[in-house]
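Read the structure below first, then the notes.
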Amino acid sequence: MAEQTLFEVAEAVRSGLRTAESVVGEALARMEVTASFGAFVHVDRERALADARAVDARVAAGELLPLAGVPVAVKDNLCTEGLETSCASKMLGGFIATYEATAVSRLRAAGAVVIGKTNMDEFAMGSSGETSVFGRALNPWDTERVPGGSSSGSAVAVSSRAVLASLGSDTGGSIRQPASFCGVVGFKPTYGRISRRGLVAFASSLDQIGPFTTDVADAALLFSVMAGQDGGDMTTSDAPVPTVDELLQAPAPLRVGVPKEYLAEGLDPEVRGRLDAALDALKAEGAEIVEVSLPHSKYAVATYYILASAEASSNLARFDGVRYGHRDTNATSLIDTYRRTRTFGFGAEVRRRIMLGTFVLSAGYYDAYYQRAQKVRSVFVREFEAAFRQCDVLLTPTAPTAAFKFGEHGDDPLTMYLADIYTIPANLAGLPAMSVPAGLTAGGLPVGVQVLAAPFAEKTLFGAALAIERRLGKMAAPPAASGEKS
Amino acid sequence: MSVTLETLKHTAELARLDLSLLPTEEQHRLAEQMSRILAFVDQLSEVDVEGEEPMTHPIALPTALAADVAVATPGAAAMLANAPARSGDEIVVPRVIDGGGEGG
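Heads up: the protein sequence lines correspond to chains A and B, in order.
Using the working numbering, you'd call the opening residue of the first sequence number 2 and step up by one each time.
Using the working numbering, you'd call the opening residue of the second sequence number -13 and step up by one each time.
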């Protein structure tokens, strides 16, 4: 099954060639073989097999399901009915959501089967997967290296071919950066495309749900199923959602912009080499390459850490040990229950961001930090609008380097934050952005390039991504995913 | 700017965290890390934001109105099942008024 597409898996089930139960059973076996990579944190085999049999019954009843029998893995911050949702935190250990995320419900309605929840940085805060309370996931291309984060397990689950599709969330690059590190496609749609109902909120003005897949067409299929307005999330847009056929038939772009600020210091020469290969691919498809300027790019990380931390400090105020999740029982008063529960329930990175966010929102600092960052955000949006008057899409590196080694960034949170320098701007401006595999380094590590388009211009984005993939070829599975040695 | 232990303590209280429960070295490390992060984000003071509007959402979306229809909700039993301590249909918490001395 490893080299099949989602279209082929669903067609096999729809046509009666295979049952959903056998497809899901095979995925559960693959999950077992690849378990040492640490992608999964909550699994209910019996439930997955029962769900698969229910899909088989729907197929038998004549339902035409676009994702019939497709096994999917879901990041542990998306609510799933009957299956624990813990955000890889002690704070939500054992939490069973009473409702399901809309994105997950829509996949199920289309015939997909959830086979497990995936590892992640605690509350999606991190760029390496290392802040998870469950311990780290490993990069299947080199297990001494990080898979990236925060959607570490979802990237690893697809890279190791335990599944061909998974869901992540992306607040500052948490889908695209691990996709680049693990050699898979990772897509963050336009802000407002996919309902966040049932996504445990980190930074509500930045968060967006999106898919990991082995190729661009499969990402189009999942996007077309999940996108569209939802009464459960008032920030979803009523803009018409392109069909999967419209996305797959999108032509290569005419003009591709490269922001000159993104090619400055700090960009690894091998990553630059893969970016040039992708640019050549687009040229060969008829595109003209134009240089554009986003002069405020160097302020993106600072702007992001103020805004994301401020929103996180507010969103995570709900974790008080009263109604659900962890409660510290050594407290003698209610307020002490809050303090002890939160101090011991959150890990060090989450505490640090709550502290930073609370500080920038506090009296005396609000104007200088939080409000100033909101104003700089307006500048970013205008700069992108100007850039998209000069070109159809932007092409940039996804990350400054290929996957780094565990512990390489030491104890300095700032150097880790800079791993997101190319991905953060799309969140600040709400743009659709995709990491597309663009080959390997000399050392055999995958490198992704990032395609960005104007808000709601997903069709244009897919045209560019498909053109890159057509010329550079679909990324193969990592050697270790054969499963023999794991 | 430099974050003093005093500022750290005040911010923690606003965030309902009690850093004194953590080892002293961890408190010092947090103050030092926050100082460095704030020194880093201070670069935003170079940006001319005169006349710029503070942005709360990247995409202008009209205020959506929910359809006026009844929908099923999970119900009290399912929600109460996640409570760390309960008595029947009520969630139990430590005394608020006169047990802890601080109120809530």
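In this text, a Cβ means the ideal position worked out from N, Cα and C, and glycines have one as well.
Note that the structure is a prediction, hence the values are computed from the model and not measured.
Coil, strand or helix - residue i by DSSP
i	result
Q250(A)	coil
H43(A)	strand
A74(A)	strand
T397(A)	strand
D122(A)	coil
D28(B)	helix
F224(A)	helix
D171(A)	strand
V382(A)	helix
E88(B)	Only weak support is given to the placement of E88(B): the predicted model assigns it a pLDDT of 49, under 50, and the value that follows is read from those uncertain coordinates. Coil.
P40(B)	coil
D329(A)	coil
V135(A)	Sequence check: residue 135(A) is Phe here, not Val. If DSSP states are grouped into helix, strand and coil, F135(A) belongs with coil.
I355(A)	helix
D52(A)	helix
K475(A)	coil
T214(A)	strand
Alpha-carbon to alpha-carbon, residue j and residue i
i	j	result
A50(B)	A56(B)	17 Å
A468(A)	T461(A)	11 Å
I195(A)	G130(A)	24 Å
T81(A)	L108(A)	12 Å
L255(A)	V323(A)	56 Å
A374(A)	G127(A)	21 Å
A427(A)	A434(A)	7 Å
F203(A)	H14(B)	26 Å
E85(A)	A98(A)	7 Å
Y192(A)	E312(A)	16 Å
M2(A)	V25(A)	Only weak support is given to the placement of M2(A): the predicted model assigns it a pLDDT of 42, under 50, and the value that follows is read from those uncertain coordinates. The alpha-carbon atoms of M2(A) and V25(A) are separated by roughly 11 Å.
P479(A)	S161(A)	7 Å
I210(A)	T59(B)	24 Å
S(-12)(B)	R319(A)	29 Å
S151(A)	T119(A)	11 Å
A166(A)	S37(A)	19 Å
V35(B)	Y306(A)	18 Å
P456(A)	R198(A)	21 Å
G87(B)	D337(A)	Confidence in G87(B) is poor, its pLDDT being 49 and thus under 50, which makes the residue's placement too unreliable to answer from.
G169(A)	R81(B)	40 Å
Chain-ordered chain D contacts of residue i [CB-CB under 7 Å]
i	result
E38(B)	Protein chains A and B are contained in the structure displayed, whereas chain D is not.
Given residue i as reference, the closest of the options once Cα atoms are compared
i	options	result
G267(A)	F41(A), M227(A), P401(A)	P401(A)
E289(A)	L280(A), L223(A), G199(A), H297(A)	L280(A)
G40(A)	Q5(A), G149(A), A303(A)	Correcting the residue identity first, residue 40(A) is Ala in this sequence and not Gly. It is G149(A).
Y418(A)	A89(A), A301(A), V361(A), T338(A)	A301(A)
T244(A)	K376(A), R273(A), A318(A), F224(A)	F224(A)
L473(A)	L446(A), S334(A), L441(A), V257(A)	L441(A)
A218(A)	A482(A), A478(A), P480(A), E470(A)	E470(A)
L7(A)	V105(A), A113(A), V60(A), R46(A)	A113(A)
A458(A)	P190(A), P414(A), R354(A)	P190(A)
T359(A)	H(-4)(B), E(-8)(B), M(-13)(B)	H(-4)(B)
L295(A)	I307(A), L139(A), F389(A), P241(A)	F389(A)
A46(B)	G408(A), V448(A), S379(A), S167(A)	S379(A)
E409(A)	A156(A), A220(A), R146(A), L207(A)	R146(A)
D246(A)	T35(A), L222(A), L168(A)	L222(A)
A369(A)	L308(A), G411(A), E64(A)	L308(A)
D393(A)	P252(A), R197(A), A158(A), S238(A)	P252(A)
G117(A)	A74(A), L139(A), D143(A)	A74(A)
E22(A)	V44(A), V34(A), A55(A), S37(A)	A55(A)
N331(A)	E76(B), L7(B), N68(B), L(-6)(B)	L7(B)
L357(A)	D321(A), I336(A), L317(A), F405(A)	L317(A)
L29(A)	V42(A), A13(A), V14(A), A49(A)	A49(A)
Neighbourhood of residue i by C-beta, 8 Å cutoff - its chain only, sequence neighbours within 5 removed
i	result
T397(A)	V259, P260, Y263, L276, Y423, V450, Q451, L453
A11(A)	L66, P67, L68, A69, G70, V71, G112
R72(B)	L66, V78
Y367(A)	V361
Same chain, Cβ closer than 6 Å to residue i, five either side skipped, listed in chain order
i	result
R137(A)	G130, E131
G89(B)	The pLDDT assigned to G89(B) is 44, lower than 50, so where the model puts this residue is not dependable, and the model offers no usable value.
A403(A)	T442, L446, V448
S436(A)	R177, A180, S181, G187, T399, G449, Q451
T237(A)	G193, S196, Q230, D231
L(-6)(B)	A17
Contact test: residue i Cβ vs the ligand GTP heavy atom, cutoff 6 Å
i	result
A430(A)	This structure does not include the ligand GTP; it has no bound ligands of any sort.
Residues near residue i by beta carbon distance below 7 Å, same chain, minus five either side
i	result
D216(A)	T6, V186, E470, K475
V134(A)	A89, S90, K91, E123, G348
F96(A)	E85, T86, S87, Y325, G326
T342(A)	D321, G322, H327, R328, D329
Touching by the beta-carbon criterion (3+ pairs, under 8 Å), the stretch 380 to 387 of chain A and the stretch 110 to 125 of chain A: no
Validate contact between the stretch 10 to 29 of chain B and the stretch 167 to 177 of chain A using beta carbons, cut 8 Å, 3 pairs: no
Three-pair Cβ contact test at 8 Å for the stretch 228 to 241 of chain A versus the stretch 4 to 19 of chain A: no
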